[in-house]
Amino acid sequence: MKTNNKTKPHQDKEVVFIKNAHLHNLRNIDVSIPKNKLTIITGVSGSGKSTLAFDTLYAEGQRRYIESLSSYARQFLGKLEKPQVDDIKGLAPAIAIQQKVISGNPRSTVGTSTEIYDYLRLLFSRVGKTYSPKSGQEVKKDEVSDVIDYVLSLPEGGKYILSTPITIVDKDFKTFLNTLKGQGYVRLEVGGNIATIEDLESFGFIPESHTKINLIIERFSVEHNEEFLQRLADSVQIAFYEGKGSCFIKNIDNQEIKTFSNAFELDGIKFMEPTIHFFSFNNPYGACPTCEGYGKILGIDEDLVIPNKNLSVYEDTVVAWKGEKMSEWKNEFIKKASKLNFPIHKPYFELTDKQKEILWQGTGENLFPSLNNFFKMVEENTYKIQYRVMLSRYRGKTICPECRGKRLRPETNYVKINDYSINDWIDLPIDQLHSKIKNLKFNEYQQKIAKRLLFEINSRIEFLLDVGLGYLTLNRASNTLSGGESQRINLATSLGSSLVGSIYILDEPSIGLHGRDTDRLITVLEKLRDLGNTVVVVEHDEDIMKAADYLIDIGPKAGSLGGDVVFSGTYSEMMQTHTLTAEYLNGEKKIEIPKTRRKTKEFIEITGARENNLKNITVKLPLHCLTVITGVSGSGKSTLMKNILTPALQRKLGIKGDKPGNFSELKGNWNEIKHLELIDQNPIGKSSRSNPATYVKAYDDIRDLFSKQNLSKLNHLKPKHFSFNVEGGRCETCLGEGFITVEMQFMADIELECETCHGKRFKQDILEIKYEGKNIADVLEMTIDEAISFFKEHKQDKIANKLQSLQDVGLGYLQLGQSSDTLSGGEAQRIKLASFLVKGNSSENTLFIFDEPSTGLHFDDINKLLKSFNALIEKGHSVMVIEHHPDIIKCADYLVDIGPDAGINGGNVIFHGTPEEIIKCKESFTGQFLKVKFNE
1 MKTNNKTKPH
11 QDKEVVFIKN
21 AHLHNLRNID
31 VSIPKNKLTI
41 ITGVSGSGKS
51 TLAFDTLYAE
61 GQRRYIESLS
71 SYARQFLGKL
81 EKPQVDDIKG
91 LAPAIAIQQK
101 VISGNPRSTV
111 GTSTEIYDYL
121 RLLFSRVGKT
131 YSPKSGQEVK
141 KDEVSDVIDY
151 VLSLPEGGKY
161 ILSTPITIVD
171 KDFKTFLNTL
181 KGQGYVRLEV
191 GGNIATIEDL
201 ESFGFIPESH
211 TKINLIIERF
221 SVEHNEEFLQ
231 RLADSVQIAF
241 YEGKGSCFIK
251 NIDNQEIKTF
261 SNAFELDGIK
271 FMEPTIHFFS
281 FNNPYGACPT
291 CEGYGKILGI
301 DEDLVIPNKN
311 LSVYEDTVVA
321 WKGEKMSEWK
331 NEFIKKASKL
341 NFPIHKPYFE
351 LTDKQKEILW
361 QGTGENLFPS
371 LNNFFKMVEE
381 NTYKIQYRVM
391 LSRYRGKTIC
401 PECRGKRLRP
411 ETNYVKINDY
421 SINDWIDLPI
431 DQLHSKIKNL
441 KFNEYQQKIA
451 KRLLFEINSR
461 IEFLLDVGLG
471 YLTLNRASNT
481 LSGGESQRIN
491 LATSLGSSLV
501 GSIYILDEPS
511 IGLHGRDTDR
521 LITVLEKLRD
531 LGNTVVVVEH
541 DEDIMKAADY
551 LIDIGPKAGS
561 LGGDVVFSGT
571 YSEMMQTHTL
581 TAEYLNGEKK
591 IEIPKTRRKT
601 KEFIEITGAR
611 ENNLKNITVK
621 LPLHCLTVIT
631 GVSGSGKSTL
641 MKNILTPALQ
651 RKLGIKGDKP
661 GNFSELKGNW
671 NEIKHLELID
681 QNPIGKSSRS
691 NPATYVKAYD
701 DIRDLFSKQN
711 LSKLNHLKPK
721 HFSFNVEGGR
731 CETCLGEGFI
741 TVEMQFMADI
751 ELECETCHGK
761 RFKQDILEIK
771 YEGKNIADVL
781 EMTIDEAISF
791 FKEHKQDKIA
801 NKLQSLQDVG
811 LGYLQLGQSS
821 DTLSGGEAQR
831 IKLASFLVKG
841 NSSENTLFIF
851 DEPSTGLHFD
861 DINKLLKSFN
871 ALIEKGHSVM
881 VIEHHPDIIK
891 CADYLVDIGP
901 DAGINGGNVI
911 FHGTPEEIIK
921 CKESFTGQFL
931 KVKFNE
């Protein structure tokens, strides 16, 4: 057990020893991390955990890797700054897996990022068989060996003719015959009769246009010896060439003909041969020609044409068919609907796929009043302005009608393995795909080819299942994943690569994971360790801490009050100490369960929610209290709150937002809400110039304060001169960034400190202006805690009060000028919360929707967060939270549990009520998981 900032240096080769780390707030600490063990680094938010793990350990690993490259390679990479650490002994190659969405590229999918799709493409191109959509028969291409095998099956001595069909290339048949004779050919078969070319010339024969002409390549008597077969193989090769892929073997005695073709065709259809590129939507050879592999196009948007899917065709569900003139299409459709057994009184969402196809596609007749024919008519009349306006009203991003969002050209459906095409698999949840692939049956030859590919596919799928992502599909776009899902995909991919002897550094992999799935995650981390890797995890989760081989607690508090190693050792040793983390783990400190739950009669009700996996559910969400939406990862929580409730309310409030997902009606007291704030983990600003001080509007007052100093007045300096965003006072070398970005060939750009301002961002004459001994750069480098003390001490309460809300949500350790792109998702979320607390005195009811605000929070920080929630509710606002953390769930006034499981096995309301009631619900995984908190 260690409780000082210097742990005793280890000479043992079994540890990674970090000596005198002093980057950011780290206080010259020495740390030993055991090799081939699972080590957890914990501590309050801002204590220095990420600085130690990523900015010191990982950064030094990267730097040493680049130093190991040749001088030629290094010239393209530039020089990486050495982290502020004296030495790191025993360092292995380091791999960081962080909470970042894998890719913003719309072409990137779960399948491509995990490499499962790449192996599937290879499997279908090597083992898949092409079947004709007409006859259902396999499409085969005959090779020379197939012809030889057939001849070998014939009895010796049998007499046969090898011929091939030809077309007359010259208008003059005589010239054509002369050309064939010059090539050494002797006979032709014309209309079933064999004649020599000389005889045809002497008779002056002119064939009719429909006459079939075959070129006789060879007449032969079957022999089963090497010399004969070699000669015949050469003749077959010539026959395929002259006949453009076709040849015939004709029995002279009974006139039976066997046809061979090396063209990939059947039933009059020429098929594309399957290759690995044929199944790639990133390659023009395989991508759907309509959407070019994106799966979506700009077309007629079903949700705009039919916004209310609870109505029937008779009740005007098709808004495009409203109005005196356009209703003729609706009336005509209703007249013809009875003949097609189409239910005109059935709500649109209850129609079968076949019935929807009748409404949209019609019956194949050009004049049938289908929606496609209607919009075709509109497009033909776009020279009239009213039709152009109508068309623009119903256009939007919609699923590609050609590939139905599968991204591949339709011909890929003809290639199958065990009656499955690759398109049948990519939209299946991964857990279902796993069972399909496990049950594939192959012949011996196919098994030899598929064995290695199936091993790679199955192992990667199993790793995804292990990290609780069985509800995802391979076709899911990477940019729609949460940070936690992206991180766990990266973790599964790392396991799939089976690297050994490396250091894996993970940043809170439990984010977005329900307590039920934490055991699976622990198993994965242990697998990574057992392969022979050192696994270092920055984490707050109690169960993961219990599973650790070694714990390092950084603290005691955040920012300038942190940066020490307050403990290092095993979990059982930690429980005997009195660090802040230990006090929460051993029960000395705890987040108290509220003695009473708020009750309210006001609520919002969503009926008929059926977007993604939601099963047409109705949900009541109380206002003016803390409402928590729970459920396992992938159960449908975010779909309900972010895809349906938020955009539906935005439309009611006249706020521009995304299109709501499918639901029936928004009922209840929604009109009481005057403002809506969705506080998720997106960055607080798109620019690196955004920072906490600008976000809570404190920087405006700070600039104003500096402009009022005497030296500022003498130099005629205004508040704008103290901004690094505009010309005037900023350093013009780096344009106020504090660093210069050097663009690198083939590598990520490198940022170097500006040599003019040395990272201060301002001109020298601006830095000379001071307030109570501090210039503007000094103030921006202060932590929020330091800034509050400084401004309160000098009676600048207006500035201090604006910063106070940042301290209240546990962000006192952040620097005022810290760039927004260095903040974690949880920190960005809490800055947004703080900005609303600053202006939260408004009496108008605001609905706050939080998406996992516990991200990156220590137990002590969650206590502060709950106080902030209660402060909002006391001011008359409403708070709804999507959350997995048991300490937040147990403090809720009202719970809605979605499930019971993920993906297609979720999407139902399992429970609604208080935390005391959910622990009695046997169907709820959340209830089972929460029991521990009520038994403490």
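The sequence shown begins at 1 in the UniProt record's numbering and counts up by one. Note that CB positions come from ideal geometry on N, CA and C, so glycine has one too. Note that the coordinates shown come from a computational prediction; the quantities given were computed from them, not determined experimentally.
The stretch 881 to 897 and the stretch 447 to 467 do not touch, with fewer than 3 CB-CB distances between them shorter than 8 Å. For residue 390, the CB contacts under 8 Å within the same chain, skipping 5 residues up- and downstream, are 320 and 378 in chain order. Rounded to the nearest angstrom, the gap between the Cα atoms of residue 532 and residue 88 is 20 Å. Two segments are said to touch when three or more pairs of C-beta atoms, one from each, lie closer than 8 Å; by this definition the stretch 693 to 703 does not touch the stretch 650 to 662. In the DSSP assignment, no residue is bridged to residue 365.
Put simply, of 632, 553, 451 and 406 the residue whose alpha carbon is nearest the alpha carbon of residue 293 is 406. Between residue 297 and residue 291, the C-beta gap is smaller than 7 Å, which places the two residues in contact.
Between residue 882 and residue 575, the C-beta spacing is not below 7 Å.
Under a 10 Å Cβ-count criterion, residue 710 is classified as exposed, with fewer than 16 other Cβ atoms of the shown protein chains found around its own Cβ. According to DSSP, residue pairing for residue 600 in a beta bridge does not occur. Distances from the alpha-carbon of residue 675 to those of 436, 876, 918 and 329 put 876 closest. Counting along the chain, residue 372 sits inside the alpha helix (DSSP H) bounded by residues 371 to 380.
Per the coordinates, the alpha-carbon of residue 861 lies some 15 Å from the alpha-carbon of residue 871. Secondary structure note for residue 518: its alpha helix (DSSP H) is the uninterrupted segment 518 to 530. Of the residues assessed, residue 121 falls on the buried side of the cut-off, its CB having 16 or more other CB atoms within 10 angstroms. DSSP links residue 507 through a beta bridge to 538. Taken through DSSP and simplified to helix, strand or coil, residue 703 comes out as helix. In its chain, beyond the 5 residues on either side, 626 and 879 have a beta carbon closer than 6 Å to the beta carbon of residue 869. In the assembly as shown, residue 252 is an exposed residue. Its beta-carbon has fewer than 16 other beta-carbons within 10 Å. Annotation note: the stretch 299 to 355 contains the following uninterrupted alpha helix (DSSP H) runs of length 4 or greater, listed N- to C-terminal: 302 to 305 and 327 to 337.
The C-alpha of residue 53 is placed about 13 Å away from the C-alpha of residue 19.
Around the beta-carbon of residue 209, fewer than 16 other beta-carbon atoms lie within 10 Å, marking it exposed.
Scanning 181, 306 and 23 for the CA closest to the CA of residue 564 turns up 23. Under the three-state reduction of DSSP, residue 642 is assigned to helix.
Annotation note: the stretch 575 to 626 contains the following uninterrupted beta strand (DSSP E) runs of length 3 or greater, listed N- to C-terminal: 603 to 609 and 617 to 622. Three or more Cβ pairs drawn from the stretch 590 to 607 and the stretch 663 to 682 lie within less than 8 Å of each other, which places the two stretches in contact. For residue 207, the closest C-alpha among the options 188, 219, 225 and 222 is that of 188. If you check the CB distance, residue 534 and residue 35 come in under 7 Å. When secondary structure is reduced to three states using DSSP, residue 17 falls in the strand class. Restricting attention to 25, 21 and 38, the CA atom closest to the CA of residue 31 is found in 21. Rounded to the nearest whole angstrom, the C-alpha separation of residue 865 and residue 485 is 24 Å. In terms of Cα proximity to residue 634, the closest of 588, 657 and 516 is 516.
Rounded to whole angstroms, the separation of the alpha carbons of residue 779 and residue 559 is 15 Å. One alpha carbon belongs to residue 482, the other to residue 852, and they sit about 11 Å apart. In the structure shown, the three-state DSSP call for residue 913 is strand. Residue 715 carries a coil assignment under DSSP once its states are collapsed to helix, strand and coil.
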